[in-house]
Every structure is written in structure tokens, then in C-alpha cells.
Amino acid sequence: MSDESPATLRRIAEEGARLAGRVLAERFHGERTIEYKGGIDLVTDADRAAEAAVLGFIRQHYPHHSVLAEESGASQGSGIRWIVDPLDGTTNYAHQVPHFCVSVGVEGPDGLLAGAIYDPMLEELFSAARGEGATLNGRALKVSGCTEFSRALLCTGFPYDVHHKPEGPLGMLRRFIVRAQGMRRTGSAALDLAYVAAGRFDGYFEFGLKPWDEAAGALLVAEAGGVMVRIDGEPYRVGYGDVLACAPGLAPQFIAESKGFLADIGWSPRAFQP
Numbered sequence: 153m154s155d156e157s158p159a160t161l162r163r164i165a166e167e168g169a170r171l172a173g174r175v176l177a178e179r180f181h182g183e184r185t186i187e188y189k190g191g192i193d194l195v196t197d198a199d200r201a202a203e204a205a206v207l208g209f210i211r212q213h214y215p216h217h218s219v220l221a222e223e224s225g226a227s228q229g230s231g232i233r234w235i236v237d238p239l240d241g242t243t244n245y246a247h248q249v250p251h252f253c254v255s256v257g258v259e260g261p262d263g264l265l266a267g268a269i270y271d272p273m274l275e276e277l278f279s280a281a282r283g284e285g286a287t288l289n290g291r292a293l294k295v296s297g298c299t300e301f302s303r304a305l306l307c308t309g310f311p312y313d314v315h316h317k318p319e320g321p322l323g324m325l326r327r328f329i330v331r332a333q334g335m336r337r338t339g340s341a342a343l344d345l346a347y348v349a350a351g352r353f354d355g356y357f358e359f360g361l362k363p364w365d366e367a368a369g370a371l372l373v374a375e376a377g378g379v380m381v382r383i384d385g386e387p388y389r390v391g392y393g394d395v396l397a398c399a400p401g402l403a404p405q406f407i408a409e410s411k412g413f414l415a416d417i418g419w420s421p422r423a424f425q426p
């Protein structure tokens with residue numbers, strides 16, 4: 153396929169995400185094989201089957217594009233890169249908690265071009281194309297109008313190394329949980345970002361994300377009118393996995409509080425290493 157417009161890339165991302173989502177849904181109530189990639193970082197046979205489905209679909213249309221996928225890693229290709237998490241929320245899935253998704257982002261030389269996040273259990277398809285807005289099942293998305301922490305529903309997550317490096321995640325949690333109306337931890341970073349884009353959550357922060365966790369969701373937030381930055385308020389770029397996303401009315405306070413805390417603990421950015 154020669155058409156590499158954001159709109160076409162979005163359509164392929166949507167279709168690929170739906171295809172992988174069907175694989176996950178069909179296997180959800182069945183027996184599964186679970187392996188551990190680290191102390192608590194797990195992978196199931198469904199991850200691999202869903203990834204094979206979505207990558208096969210993408211390569212049918214764009215065989216020369218490069219790919220970065222959670223389970224199979226990186227492959228080289230043209231200047232356009234597909235960033236794929238076939239199952240974001242694997243721990244939920246392994247425990248039969250029905251909150252997980254497929255995330256497909258598309259990045260060009262000058263930034264994100266398109267993205268899709270599909271929740272097969274709720275049949276919710278979030279997608280965006282650069283300059284064309286974000287949608288949920290075809291309806292336009294807009295971030296919330298929240299301007300006060302006391303009215304804000306925030307969400308966060310914890311990286312797999314939180315047992316060894318708890319200072320950042322737990323420190324930020326303590327700082328904001330006492331100020332917000334509520335705090336949630338859902339187990340799917342991609343859906344957290346999609347929910348910020350949809351106005352369901354007013355703000356989100358997390359340390360230690362990988363590109364496949366964040367890429368599609370980052371574009372969704374931006375195209376829905378939200379603020380998506382590195383956790384210290386610097387411009388967002390795929391691969392710096394400490395991030396903050398929120399409604400624009402919360403951004404000045406949220407970023408200032410975050411920067412103050414990060415300075416206290418001596419935080420410094422870490423780029424993703426494949």
C-alpha cells in the first residue's frame with residue numbers, strides 16, 4: 153500500500169487492533185499458558201497469538217515499515233514505525249479481570265501519525281490521526297474541563313521495578329492522592345490514556361512506561377485537546393516513559409507539583425533502551 157496518510161494509517165491501526173482484540177476475547181475464558189519474563193512481568197500465549205495477528209495484518213499492507221512490538225521486539229524498515237502492544241493489561245488478563253486492550257501506534261520521522269486502542273470486552277475503539285482529532289467508536293473525543301484538583305479523578309500505574317525503586321511512583325501517589333477527588337489504578341496504561349482523552353479521567357501519571365504502552369494513547373490525548381508531556385513538564389517524545397497527561401485546566405498545577413517532587417528526589421529522565 154502506497155498511501156501513508158494519517159487517515160489511512162489510522163484505519164489500518166483500527167482494523168489491526170480489532171483483529172488482535174478478537175483473538176484476546178476468544179481466549180479470555182479458556183485455559184492459558186503463562187510465562188514470566190522477569191520477577192513479576194508475565195506473558196501469556198494470548199499475547200503472542202494477538203501479536204502475530206496484528207503484525208501479520210500490518211505487514212500485508214506495509215511490508216517495508218519498521219515495527220516495535222512488546223513480545224517480538226524491533227524490526228527495521230522505512231521511516232514509519234508501528235509500535236504495538238498486543239495485550240496491554242496482561243496481569244489483568246491472566247487473572248481474568250476484563251480490563252485490557254490492544255494498542256497500535258504509528259510514528260513517522262517527525263512524530264506520531266496515528267493510533268488505535270481497542271478494548272474487546274467493552275467493544276470500545278479509541279483512535280486518532282494527527283490533525284484529525286480523536287474518536288471513540290466514531291464519536292469525537294474531548295478531554296475534561298476540570299480545573300481543580302479537589303474535583304479531579306486521577307489515575308496512575310506502577311512499573312514492574314516498583315519493588316526496587318518505589319520512591320517515584322509512591323511519592324507521587326502520596327502527593328496527589330490527598331489532593332484529588334479520587335485516584336484509580338486500573339492496570340492498563342494505554343486505557344488510562346484513552347480515558348483521559350475521553351474525559352473519564354482528568355489526569356494521569358506513571359513512571360517506566362515502554363513505547364508500546366504509551367504511543368497510541370499519547371496521540372489520543374493530544375488530539376482530544378489534552379496535555380501530554382514528560383513527567384517533569386518537558387515536551388513529550390516516544391521513549392521517555394515517565395509521563396503526565398491531563399486536562400489543560402489542570403496542567404499548570406499538575407506540572408508544577410510534579411516538578412517540585414521530582415527535584416526533591418533527584419529524578420532524571422531515562423530513554424527507552426530496546
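Using the numbering used here, the letters of the sequence shown map in sequence onto residues 153 to 426. Glycine residues also receive a C-beta, built at the ideal position from the N, C-alpha and C atoms. Note that the coordinates shown come from a computational prediction; the quantities given were computed from them, not determined experimentally.
If you pair each beta-carbon of the stretch 205 to 222 with each one of the stretch 340 to 352, do three or more pairs fall below 8 angstroms?
These segments do not touch.
Give every residue of the same chain whose Cβ lies closer than 6 angstroms to the Cβ of Asp394, excluding the five residues on either side of it in the sequence, and list them in chain order.
Excluding residues within five positions, the ones whose Cβ falls inside 6 angstroms are Phe359 and Ile383.
Assuming the contact rule is C-beta atoms closer than 8 angstroms, Ala268 and Ala169 should be a hit. Round their C-beta distance to whole Å, please.
Correct: roughly 4 angstroms between the Cβ atoms.
Does DSSP put Tyr245 in a helix, in a strand, or in coil?
If DSSP states are grouped into helix, strand and coil, Tyr245 belongs with the helices.
For Gly297, which residues from the same chain have a beta carbon less than 7 angstroms from its beta carbon, with the 5 sequence-adjacent residues on both sides left out?
Cβ neighbours of Gly297 beyond the five flanking positions: Ala399 and Gly401.
Whole beta strand (DSSP E) runs in the stretch 297 to 374 with 3 or more residues, listed along the chain?
Qualifying beta strand (DSSP E) stretches, in chain order: 305 to 308, 334 to 336 and 355 to 358.
How far does the beta strand (DSSP E) with Ile269 in it extend, from its first residue to its last?
Note, Ile269: beta strand (DSSP E), Gly263 to Asp271.
Would a check of beta-carbon distances place Leu264 closer than 8 angstroms to chain B?
Of the protein chains in this structure there is only one, and it is not chain B.
Do the CB positions of Ala397 and Gly355 come within less than 8 angstroms of each other?
Cβ distance < 8 angstroms, so Ala397 and Gly355 count as in contact.
Give me the residue from Ala304, Ala367, Leu293 and Arg336 with the minimum Cα distance to Phe310.
Cα-wise, what sits closest to Phe310 is Arg336.
Going by C-alpha to C-alpha distance, which of Ala281, Met324 and Val330 sits closest to Lys411?
Taking only the C-alpha atoms, the option nearest Lys411 is Met324.
Which stretch, first to last residue, makes up the beta strand (DSSP E) that contains Ser157?
Counting along the chain, Ser157 falls outside any beta strand (DSSP E), and DSSP gives it neither H nor E.
State buried or exposed for Leu322, treating a residue as buried only when at least 16 other CB atoms are found within 10 Å of its CB.
Exposed.
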